[in-house]
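Asker:
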């Protein structure tokens, strides 16, 4: 009787403690498609992806760090044309740079876009602050790179 109880106890504990499960099918179903990627001279700057459910994901290399490569991302749903609004906000600033930073609020993140003009070329740098207060910074994007990133040309 003791052996039967011991075997049942061991069998049930191994079943209830199993923490690793195969989720390959789930991972395949939420695959995002790349819209545009900017990698001048093979150095990754950023990539825009469209995921199921009209969710866009912006992945970028954090340029606050010069010695290490840290990749960060933020995502947002395309409610009320949010994707086009983000593109147009940056494109408008590249054409006519505002004096102050453009600040955009996402549901869980904050974007601050700084425009600078040097040698006749206007660039946009995106500062991304997540809900815990950690700020990441993209490399400066030109208009041509912005169009490529958003899949416009």
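Residue numbers (my numbering): 661 to 813. C-beta atoms are modelled at their ideal positions from N, C-alpha and C, and glycine is treated no differently. Remember, it's a predicted structure, so these values are computed and weren't measured experimentally.
#1: Report, in whole angstroms, the separation of the C-beta atoms of residue 806 and residue 778, which I expect to be a contact under 8 Å.
#2: Among 733, 764, 754 and 731, whose alpha-carbon lies nearest the alpha-carbon of residue 746?
#3: Report yes if the C-beta of residue 811 is less than 8 Å from at least one heavy atom of the ligand ATP; otherwise report no.
#4: My parser needs the alpha helix (DSSP H) runs of 4 or more residues fully inside the segment 716-760; what are they?
#5: By how many angstroms is the C-alpha of residue 739 removed from the C-alpha of residue 691?
#6: Would you list the one or two residues that DSSP bridges to residue 696?
#7: Report all residues from its chain with a CB closer than 8 Å to the CB of residue 733; omit the five preceding and five following residues, and keep chain order.
#8: So which of 793, 661 and 702 has the shortest CA-CA distance to residue 769?
#9: When the Cα of residue 766 is compared with those of 743, 800, 725 and 754, which residue comes out closest?
#10: Could you pull the start and end residues of the beta strand (DSSP E) that residue 809 belongs to?
#11: Based on Cα-Cα distance, which residue from 810, 772, 780 and 809 lies nearest to residue 796?
#12: Short of 6 Å in beta carbon distance, which residues of its chain neighbour residue 790, apart from the five on each side in sequence? Order them along the chain.
#13: Pick out whichever of 726, 735 and 757 has its Cα sitting closest to the Cα of residue 707.
Answerer: Taking the structure as given:
#1: Here residue 806 corresponds to residue number 146 of the chain shown, with the count starting at 1. Here residue 778 corresponds to residue number 118 of the chain shown, with the count starting at 1. With a Cβ gap of about 16 Å, residue 806 and residue 778 do not count as contacting.
#2: On the chain shown, residue 746 is found 86 positions in, with the first residue counted as 1. It is 764 whose Cα lies nearest to the Cα of residue 746.
#3: In the structure shown, the ligand ATP is absent, as is every other ligand, since no ligand is present at all.
#4: The segment 716-760 contains, as complete alpha helix (DSSP H) runs of 4+ residues, the segments 742-755 (chain order).
#5: Here residue 691 is taken as the residue at index 31 of the chain shown, counted from 1. Here residue 739 is taken as the residue at index 79 of the chain shown, counted from 1. The alpha-carbon atoms of residue 691 and residue 739 are separated by roughly 20 Å.
#6: Position 36 of the chain shown, counted from the first residue, corresponds to residue 696. DSSP, once it has assigned bridges, lists 708 as partnering residue 696.
#7: For the purposes of this step, residue 733 is identified with residue 73 of the chain shown, where counting begins at 1. Answer for residue 733: 717, 718, 719 and 720, listed in chain order.
#8: To locate residue 769, count along the chain shown from 1; it is residue 109. The candidate whose alpha carbon is nearest that of residue 769 is 793.
#9: What you label residue 766 is simply residue 106 of the chain shown in a count that begins at 1. Selection 743, 800, 725 and 754 evaluated against residue 766 yields 743 as nearest (Cα-Cα).
#10: Along the chain shown, one-based indexing puts residue 809 at 149. That residue, residue 809, is in no beta strand (DSSP E); its alpha helix (DSSP H) goes 803-809.
#11: Mapped onto the chain shown, residue 796 falls at position 136. Of the listed residues, the one whose Cα sits closest to residue 796 is 772.
#12: Indexing the chain shown from 1 puts residue 790 at position 130. Result list for residue 790: 769, in chain order.
#13: In the chain shown, counting from the first residue as 1, residue 707 sits at position 47. Selected option, being the one with the closest Cα: 735.
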